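Input: a single structure, listed below in structure tokens.
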Amino acid sequence: MVDGITEKQKEVVDYILRKIKTDGLLPGDKLDTEIAIAKNIGITRATVREATRLLIEQQRIYRVKGSGLFVGAIGKSNHSGRFHALSPFDFQAQKSGHKGVRKVIKFSIMKVPSPEIAQSLRIKNSDQIYKILRLMCFDDIPVALEHIHLPVNMFTSMELSQLEISKYSYIESITGKKVQRRDQNLTAINLVDEDILNLLNLKENDSVLELDETVYLDDGTPCEVNIAIINTRIFPLRQNSTRS
């Protein structure tokens with residue numbers, strides 16, 4: 001699973017992943033405390049802490065200071081709690097027995113394509129954005145196509161390889177701020193665009209969901225507008241929010 005992992009750490013990792021699966025835990029659900037995990041399997045808390053660190057790095061679980069461990073990869077909410085606007089992509093892939101794969105299909109620097117996107121990003125209509133087309137797959141099965149818009153004035157450079165690992169982690173590493181909120185709107189549409197149909201292996205007039213979202217950093221600055229076309233027959237969406 002991870003190079004250099006010890007047998008004891010692997011035992012903890014397997015225990016946690018098995019617990020998530022057998023209990024049907026969803027992103028945002030709370031896990032046992034590290035003390036309880038250590039007691040249940042007879043392993044030191046230090047070993048449990050190292051094993052959970054590995055799972056946090058893989059974005060399978062996350063830690064909330066003072067509250068404990070939770071399922072999924074997460075950002076802060078504007079209510080001093082935690083939220084999952086959608087079940088994490090990797091979690092859904094693993095739940096379906098697949099690996100989550102992200103592929104950058106197209107990249108360009110261009111003038112912001114519409115006044116609406118400029119307004120959402122709080123930039124001028126003449127300003128430039130990075131326009132990125134990213135295909136989301138379960139192994140080699142396409143499940144969603146993202147049209148990502150990032151303001152050039154916020155990102156002095158763009159490493160596309162990082163966007164094939166974790167978009168939000170990359171945004172946070174560049175800006176030095178946390179992704180805090182996503183304002184989202186979901187609309188059911190019948191797909192007719194031939195290029196999108198081909199990329200998602202769908203037929204004309206197949207029903208999909210269009211997700212329009214604006215993403216904000218923890219200082220309230222909008223950092224992304226994303227328009228995603230999602231095949232919910234393969235990639236189901238769930239609303240799952242938790243407030244402290």
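Here the sequence shown stands for residues 1 to 244, where the numbers follow full-length UniProt numbering. From the three backbone atoms N, C-alpha and C, an ideal C-beta is built for every residue, glycine too. Every value quoted in this text rests on a predicted model; they were computed, and no experiment measured them.
Beta-carbon proximity check, residue 47 vs residue 10, cutoff 8 Å: no
Taking DSSP as the reference, what is the three-state secondary structure of residue 53? helix
Helix, strand or coil for residue 172, going by three-state DSSP, please let me know. helix
Using the three-state DSSP reduction, which class does residue 10 fall into: helix, strand or coil? helix
Residue closest to residue 225, alpha-carbon to alpha-carbon, out of 153, 157, 206, 116: Checked all of 153, 157, 206, 116; the closest Cα to residue 225 is 116.
Pairing CB atoms from the segment 183-191 with CB atoms from the segment 202-209, are three or more of them under 8 Å? Yes, the segment 183-191 touches the segment 202-209.
From the DSSP secondary-structure annotation, give me the bridge partner or partners of residue 151. 129
By how many angstroms is the C-alpha of residue 178 removed from the C-alpha of residue 50? 24 Å
When DSSP labels each residue in this structure, what does residue 195 get in the three-state scheme? helix
Is it the case that the CB of residue 207 approaches a heavy atom of the ligand SAH more closely than 7 Å? With respect to the ligand SAH, the structure shown offers nothing to examine, as it has no ligands at all.
Would a C-beta distance cut-off of 8 Å place residue 103 and residue 159 closer than the cut-off? No. Outside cutoff.
Under the three-state reduction of DSSP, which class applies to residue 58: helix, strand or coil? Coil at residue 58, not helix or strand.
Do you know how far the Cα of residue 129 is from the Cα of residue 233? 32 Å
How big is the Cα-Cα spacing for residue 199 and residue 141? 10 Å
Nearest-angstrom Cα distance between residue 183 and residue 16? 31 Å
Taking the C-alpha atoms as reference points, what is the distance between residue 68 and residue 213? 29 Å
Sorted by chain position, which residues of the same chain lie with C-beta nearer than 8 Å to residue 56's C-beta, five sequence neighbours on each side aside? For residue 56, where only same-chain residues beyond five positions count, the Cβ hits under 8 Å are 62, 63.
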